[in-house]
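The block underneath contains the structure these notes are about, expressed in structure tokens.
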């Protein structure tokens with residue numbers, strides 16, 4: 001029995017920022033896995049990539065990350081182009097990988113299954129529902145809203161949301177994704193809409209303004225801690241969720257878990273590549289880091 005099992009593709013990423021152009025592994029499953037490697041969590045990654053990229057798996061296994069990888073002709077290839085403020089990006093896709101289905105899923109038991117689809121056909125709804133019968137399903141919704149046309153990543157509402165979301169206990173979306181799936185830019189209304197569809201914990205990330213978590217008709221305002229530098233926002237949401245779920249699995253409350261995730265995301269954005277910190281560094285941000293708690297309030301109630 002694992003504490004957390006993540007399901008999602010590892011990607012080949014080209015990350016373009018104002019400072020640099022870099023090539024690196026990526027994807028929700030990669031950034032989430034790397035963020036957890038320094039924490040006391042029994043963890044398993046389920047992924048799929050082409051055989052020629054197996055060196056990425058070898059490097060992860062060298063860091064004691066347990067992995068099941070299903071075969072795929074291609075590895076997902078993303079190009080991420082960030083604007084100067086890092087809150088927004090343009091994406092292109094050059095290759096897609098084999099989807100995850102119930103038939104191909106290994107027999108894994110976990111307390112939380114964290115799903116990180118990158119495109120709308122990555123993880124079947126049947127698999128999502130079958131996992132919900134075994135444990136708690138946590139979902140980063142972004143992939144279910146994405147489709148590819150002429151290599152461009154475009155967004156549309158999730159056609160299967162009313163069938164799938166009653167089986168999702170924890171959902172994470174940024175404010176743009178929330179608007180796509182709910183039809184409103186009002187954070188409170190959007191969170192309530194998703195909860196009405198059956199989600200127990202709704203997490204709306206607001207970039208540099210912080211995040212909002214809606215649980216049992218209560219809104220928890222999570223501030224963003226101020227980074228010493230903004231270098232690369234790729235994987236910040238995944239790092240946040242790694243922190244949040246690792247604390248929740250240990251019994252922490254929503255506010256504590258949210259602030260821990262936010263502190264991890266702050267450390268992540270200060271450097272290129274995945275989170276490379278540890279628990280002591282996160283605690284230092286929580287204790288001494290600057291944050292504007294009024295900013296998150298203004299973002300929610302404006």
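In UniProt numbering, the protein residues as written are 1 to 302.
Here a beta-carbon is modelled for each residue, glycine too, at the ideal position from N, C-alpha and C.
Handout entry: Start and end residues, beta strand (DSSP E) containing residue 114
Key = One-based indexing of the chain shown puts residue 114 at position 114. Segment 110 to 115, the beta strand (DSSP E) holding residue 114.
Practice task
Starting from residue 32, trace the alpha helix (DSSP H) both ways and give me its first and last residue.
Solution key: On the chain shown, position 32 is the one that residue 32 refers to. For residue 32, the enclosing alpha helix (DSSP H) starts and ends at 28 to 36.
Practice task
Would you check if the region 59 to 74 and the region 112 to 127 touch, i.e. whether three or more CB-CB distances between them fall below 8 Å?
Solution key: Contact between the region 112 to 127 and the region 59 to 74 is not established, with fewer than three Cβ pairs separated by less than 8 Å.
Practice task
Determine the contact status of residue 10 and residue 43, defining contact as a CB-CB distance below 7 Å.
Solution key: Within the chain shown, the letter at position 10 stands for residue 10. Within the chain shown, the letter at position 43 stands for residue 43. Going by C-beta atoms, residue 10 is not nearer than 7 Å to residue 43.
Practice task
For the region 48 to 55 and the region 192 to 209, state whether three or more C-beta atom pairs, one from each stretch, are separated by less than 8 Å.
Solution key: For the pair of segments examined, the region 48 to 55 was found not to touch the region 192 to 209: the number of CB pairs separated by less than 8 Å stays below three.
Practice task
State the start and end residues of the unbroken beta strand (DSSP E) segment that holds residue 138.
Solution key: Counting from 1 along the chain shown, the entry for residue 138 is found at position 138. From DSSP, the beta strand (DSSP E) with residue 138 extends over 136 to 140.
Practice task
Express the C-alpha separation of residue 99 and residue 127 in angstroms, rounding to a whole number.
Solution key: As a position in the chain shown, residue 127 is number 127, starting the count at 1. As a position in the chain shown, residue 99 is number 99, starting the count at 1. If you draw a straight line from the Cα of residue 127 to the Cα of residue 99, it comes to about 11 Å.
Handout entry: Where residue 45 falls: helix, strand or coil (DSSP)
Key = By 1-based counting over the chain shown, the position of residue 45 is 45. Note: residue 45 maps to strand in three-state DSSP.
Problem - Sufficient close CB pairs (3 or more, under 8 Å) joining the region 124 to 139 to the region 149 to 157 - result: At 8 Å Cβ cutoff, the stretches do not touch.
Handout entry: Outcome for residue 102 when other beta-carbon atoms lying within 10 angstroms are tallied against a minimum of 16
Key = Numbered from 1 along the chain shown, position 102 holds the residue referred to as residue 102. By the neighbour-count criterion, in which a residue is buried when 16 or more other Cβ atoms sit within 10 angstroms of its Cβ, residue 102 is exposed.
Problem - Alpha carbon of residue 25 to alpha carbon of residue 163, nearest angstrom - result: Reading the chain shown from its first residue, position 25 is the one you call residue 25. Reading the chain shown from its first residue, position 163 is the one you call residue 163. One C-alpha to the other measures close to 32 Å.
Exercise for the section: Identify the continuous beta strand (DSSP E) that holds residue 172 and give its terminal residues. Expected result: Translated into the one-based positions of the chain shown, residue 172 becomes position 172. That run of the beta strand (DSSP E) goes 170 to 174.
Exercise for the section: Spell out the partners DSSP gives residue 305 in its beta bridges. Expected result: In this structure the chain extends from 1 to 302, so residue 305 is not present and cannot be described.
Practice task
Taking all protein chains shown into account, decide if residue 60 is buried (16 or more other Cβ within 10 angstroms of its Cβ) or exposed.
Solution key: As a position in the chain shown, residue 60 is number 60, starting the count at 1. By the 10 Å Cβ count, residue 60 comes out buried.
Handout entry: residue 322 versus residue 83: straight-line alpha-carbon distance, rounded
Key = Any property of residue 322 remains undetermined from this structure, which presents the chain solely from 1 to 302.
Handout entry: CB of residue 240 within 7 Å of CB of residue 273, strictly
Key = Position 240 of the chain shown, counting from 1, holds the residue named residue 240. Position 273 of the chain shown, counting from 1, holds the residue named residue 273. The Cβ atoms of residue 240 and residue 273 lie no closer than 7 Å to each other.
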